[in-house]
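Read left to right, the sequence shown gives residues 625 to 1660 (the numbering used here).
From the three backbone atoms N, C-alpha and C, an ideal C-beta is built for every residue, glycine too.
Read through the structure below, which is laid out as structure tokens, and then see the notes.
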Amino acid sequence: MASFSFSVPSKAPQVNVTSPSSTELRVTWKPIDKKYLHGIHRGYCLYCDETPVRRLDNVVMLELTIRDLRPYTKHYVQVAARTTPGCGVKSRRMPFFTMEDKPDAPPQDVTAHNTSSTSLRVDWKEVNKTAQNGIILGYNITYTMRPNGSTKTANAPAKTFYYVISSLSVWTLYSVSVAAYTKVGSGPAASVQVSTEEGAPTVAPEIVVAQNTSSSSIYIQWREINEREYGILLGYQITYKALDYNEAKLVVKTVSLTASSYTMTGLLLYWRYDIKVGGYTRPGVGKVATTIVRTDEHIPGRSPENVKGEAETSTSIYVNWGKVASNFVHGILLGYNLTLRETRDMSKLTLYEFVKQNEVPKYLENLKKYTEYTIWVRAVNSKGHGRLNSPEGYQVRTKEDAPEAPPSNIRVVNTLGSISSLNLEWNRIPEDKANGIIRGYFVEYTAVILNGQQIELGKQVTKTFRVRGNRYATIVKDLIPGSTYHIKMFGYTIKNGTKSSIVIGETCKCPEYLKVNWWRIPPYTDGNVLDPGGIFSRAVQMMLDMCGTCKNGHGRTKACYRPGCDQQSSRRRRAVDTYQQETFQQVLNNIKDNVDISFPIQGNKYTTHYGGVFPYISVVETSGSVYFTVKNIPSTAHVLVNAAFYSIPLLILITLLSGLAGIIIWALERSSNPTSFPLSFTKGLREGFWWAFISASTVGYGDRRPVTIPGKLFAISWILVGYVIITLLTSLMVNSITSVLVTQRTSIYGAKVAAVQNSTEYGKAIRQNGKVQPFGNVDEVINALKDKVVDGAIMDMYAAATRQDLFQSGDVELSRQIEYPSGYGIVLSGRMKDSAPMINEYFKKKAQVLLEFIQNNTDIVTQKQNQAQERAEKKSGIFDATSGAYKVTIIVITSLLAASLVGGLFWQYNYHAKAVKIRDELRNSTPVYGYYKHLREDVRDSCEDHFKDLMSKLSKLRKKHMKELKLLAKYYKESGHPWPVVRSFRPASTSASSFTRIRKMTASVTPSLNDRHNIALQVLDVETEHEKQRSKDSQV
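As structure tokens, then:
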């Protein structure tokens, strides 16, 4: 008999759950495959929320309904197949909901309160979670007017827990209920009762009386309100506010229910008020009645603003003022009261007048001239006039006018007392004739006689100056010496007054002392520091005679030649103090207003002013100037030094070209001719420069010579260049010597010319393109000419004639006479600047006297005076056999030549002849001397061949080594290995060219070396030495 093993099913059936109602779940499932039963199928086990619900023994029954569940509740339903051992694997745990239903309870804590007389607010809390039975979609709010009113419904969203009901009736009771609803329907509702707030009255009281009782109070009366529908009437509210006043405040007053009138006090004068009256309940004031009432008029509270008066003329004024501010007119403005009084006498009323508004500004005339008036203005309305503009009023003065009379008793105090001023005095204008403030006086003066000359009436010039302030004296300044003036005066305020009658005044011709600025230049001035002497001393004396006597002043005029002469004699003065200047330029620089006359100053008869400012008086006229030249023959040393100096650039060029040619010849010859041009660059350059310099100078010693074809061709070219350079050097030196010897200045153009600074001759030399060197005076010019620091000098004709010693040395000659208008005169400055016409006129009258004095004190210079000195002309030249330089040169050269011959003969017979004799004896006593010569040549040829072979091998090794280095570099580059560290290598020999050096083989023959064997050994020793040196060089 077989045995069987049973177990629970290993697979759960497939489950489907639906909800036919809010309290039921219908469960259906499918049977499982038998292979998962593992025994006899006994039925099914049903679980709800992990709790067994029912055990089914019917295997055919595949559904079951679970009842008595909560609406819209989540449940977990599972089914398992059952065999004999028990229930098997449960189906997958999945949630299932029952259907929704209406809420089982109303919203919690429902409350309501009024928010106004026509609105209510309802508040509530959410329905209990267990009683919601689904998703709450919102709330239904139902409100009904009590007792018999209509019912209205409103809706609120699910998450909103309040609602405001509006548009309700005033002061009315309402029943309000709130219920939640799902999609199935509404649940139970919670109800409350609440009343709306009282309302304000809708009827305004009727105003029966509204009128002002004074300028600051208003009375108002109204009828009572009988309406009680909207609340309990508590009383009446009166509000009033001033119109057209930005800072006005609203005034609110309340009265009891029994009051029907009110009086407003403390109001603005003559002002409009907006008045409102309305009943009020507990919520507030209802509909109001409105009226506008103005308070009564009052006298103006302020005066007119900005009262001003302005003088229009000396007898009229304009009075103007601004309007009174409308807030302070306090009524209807009718006009203004204008009061006018003289300020200095308030007891007199000048004007009292009513002025209408359209008559402002007011023009007042027929007033007194330059009189101050006080003005008062007051505004006027129906209640009377207001305040004055100010207690002291406004002061205004009529305008000034011209004085009615001139100053009286005008007089000149010091006629003929000064050269440039007159003292003037007068009596002031009386106050009652001034018509204003006397600001000063005008003085008019007209020169009728100017510098001693009568002025025609049509050419007279009147000048005016002002005396500021109400003074009684002044000084008329800057007058012309020697003149007569007509003087008038008048006072002025803002206008000029009447002119006075004429007063006459006269000035002196000259001051007491004439300060003299001068310099010494014979024959014009040839005196001492205290007396100029010469021509101009006579001219100054004539000027003093012309000045005459100043009878009310200083008396006669005197010349002042030193500082302090115009002061009291008690002042200490040194004897050397003087106004004399050392140079002409100093005289020119000193022409200022602190001196009176300056001389002698160059000019001509056409000159009227110096520098365009100071008058010029011509005293002496000349026909021009003379030009002297110096015979400047250069010395021999100067000629040679100049020639050598001018040749320096060409010598530098030769040196540079020789260095370049030396490098080129070394480069061409160093390989084939190392004996003459060594392979070393430093030694080769030295030998090349030597060869180039000797070849260029056409000397050609022959100790160095090229052997290659290119070297020889370059040598030919360089020698041709040398010919050209030497020719140029020779011509340059000859040209330098010639130009120095033959050049001699004969004209002013380009010559160094001496002249007195800023003189006429100085300007003449500049205009002729001379290199002018300025000097202070004639003596300095002559000294420069004698010292030969200049080529020539140009001087005044009369001044040159006084220096006859100029021609005695023979070095100076008169070149030519330069004719042009010239001369010397006096420059007037300072106090004498205006006396030029008078002095000119006087000099014309005394012209003959002055001319005779000039002729007796001057001389002229001509070219004939210079002919005697021409014979003593000096000679100088480097090739002149009669010159001292030539003789000295011949003696020096002859001495050097004789010394050289004696030295050469001494060396020839004492040294060279003995050396030749010893050499001949050695040759005759040595039988192998001929063999030695051949052996030396053979050894040299062998060494040269060996050297060429060695150089060829070195060249091949160098090429091979370079090839290997390139391969090695390519290898390291492709493999990426680093380069090996190269150790520094110091050659055995410090000379880089030691292995290329060809050493000379030397062999010496002495009396002891007299056989062939010894000579051969010596040659072998030389070869052995060369082999050792060659082995050392090979290490490099």
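Helix, strand or coil at residue i according to DSSP, with G and I counted as helix
i: Thr1726; result: The structure shown does not extend to residue 1726, since the chain spans only 625 to 1660, so no value can be given for it.
i: Ser929; result: According to the sequence as given, residue 929 is Glu; it is not Ser. Note: Glu929 maps to coil in three-state DSSP.
i: Phe1313; result: helix
i: Gly890; result: coil
i: Trp895; result: coil
i: Pro1273; result: helix
i: Arg1294; result: coil
i: Phe630; result: coil
i: Thr1181; result: coil
i: Thr754; result: helix
i: Met970; result: strand
i: Val641; result: strand
i: Ser1579; result: helix
i: His662; result: coil
i: Leu797; result: strand
i: Met685; result: coil
i: Pro945; result: In the sequence as displayed, the identity of residue 945 is Trp instead of Pro. DSSP places Trp945 in coil when its eight states are reduced to three.
i: Ile759; result: coil
i: Thr1306; result: helix
i: Asp596; result: For the chain, the structure presents residues 625 to 1660; residue 596 sits outside this window and is missing.
Environment of residue i [buried if 16+ CB atoms lie within 10 Å]
i: Lys1584; result: exposed
i: Gly823; result: buried
i: Arg906; result: exposed
i: Gly903; result: buried
i: Leu901; result: It is worth fixing the name first, because residue 901 is Val in this sequence and not Leu. Result: buried.
i: Ser634; result: exposed
i: Met1586; result: exposed
i: Ile1128; result: exposed
i: Phe1238; result: buried
i: Lys1376; result: buried
i: Glu1661; result: Residue 1661 lies beyond the range of the chain shown here (625 to 1660); nothing can be said about it.
i: Met1421; result: buried
i: Pro1015; result: exposed
i: Glu1311; result: buried
Minimum C-alpha distance to residue i - residue among the options
i: Tyr1203; options: Glu1245, Asn1218 and Val1140; result: Val1140
i: Asn944; options: Pro1445, Arg1455, Leu988 and Ser1045; result: Leu988
i: Ala913; options: Thr675, Trp846 and Gly1115; result: Trp846
i: Ser1032; options: Asp1217, Gln1078, Thr1122 and Gly1286; result: Thr1122
i: Arg691; options: Gln702, Cys1189, Val1237 and Arg650; result: Arg650
i: Thr939; options: Thr1351, Gly859 and Val1020; result: Val1020
i: Thr998; options: Asn1013, Lys1007, Ser1006 and Pro985; result: Asn1013
i: Gly855; options: Ser819, Ile844 and Glu871; result: Ser819
i: Pro719; options: Pro731, Gly809, Ala705 and His699; result: His699
i: Tyr660; options: Val677, Val683, Ala705 and Thr995; result: Ala705
i: Ser810; options: Ala1163, Cys1174, Ile849 and Tyr763; result: Tyr763
i: Ser880; options: Asn870, Trp895, Leu891 and Leu857; result: Leu857
i: Leu958; options: Lys1007, Asp728 and Met970; result: Lys1007
i: Gln861; options: Asn870, Gly908, Leu891 and Thr889; result: Gly908
i: Glu1024; options: Tyr994, Tyr787 and Glu1016; result: Tyr994
i: Gln1479; options: Ile1221, Glu1245, Phe1305 and Leu1352; result: Glu1245
Closer than 8 Å is the cut-off here; do at least three beta carbon pairs connect the segment 1135–1151 with the segment 1050–1062?
no
Of all the beta strand (DSSP E) runs that stay within the bounds of the segment 1390–1445, which reach a length of 3 or more residues?
1395–1399 and 1416–1420
Answer yes if the segment 746–757 comes into contact with the segment 825–838, meaning at least three C-beta pairs across the two stretches below 8 Å, and no otherwise.
no
Flag this pair as touching only if the segment 834–842 and the segment 785–804 have three or more C-beta atom pairs under 8 Å; answer yes or no.
no
Would you call the segment 865–873 and the segment 967–981 in contact, with 3 or more CB pairs under 8 Å?
no
Which parts of the segment 1005–1083 are runs of the beta strand (DSSP E), unbroken and 3 residues or longer, counting only runs that do not cross its ends?
1018–1021, 1032–1036, 1046–1051 and 1064–1074
Segment contact, 8 Å Cβ cut-off, at least three pairs: the segment 1438–1458 with the segment 1108–1125:
no
For the segment 665–683 and the segment 771–784, state whether three or more C-beta atom pairs, one from each stretch, are separated by less than 8 Å.
no
Should the segment 1464–1476 be regarded as contacting the segment 1147–1155, the criterion being three or more beta carbon pairs within less than 8 Å?
no
Three or more beta-carbon pairs under 8 Å between the segment 1222–1230 and the segment 1446–1454, yes or no?
yes
Does the segment 911–931 come into contact with the segment 966–973, if we say contact requires no fewer than three beta-carbon pairs (one atom in each stretch) closer than 8 Å?
no
Using 8 Å as the Cβ pair cut-off and three pairs as the minimum, do the segment 1057–1077 and the segment 1097–1106 touch?
yes
Pairs of beta-carbons, one from the segment 1306–1325 and one from the segment 1284–1291, closer than 8 Å: are there three or more?
yes
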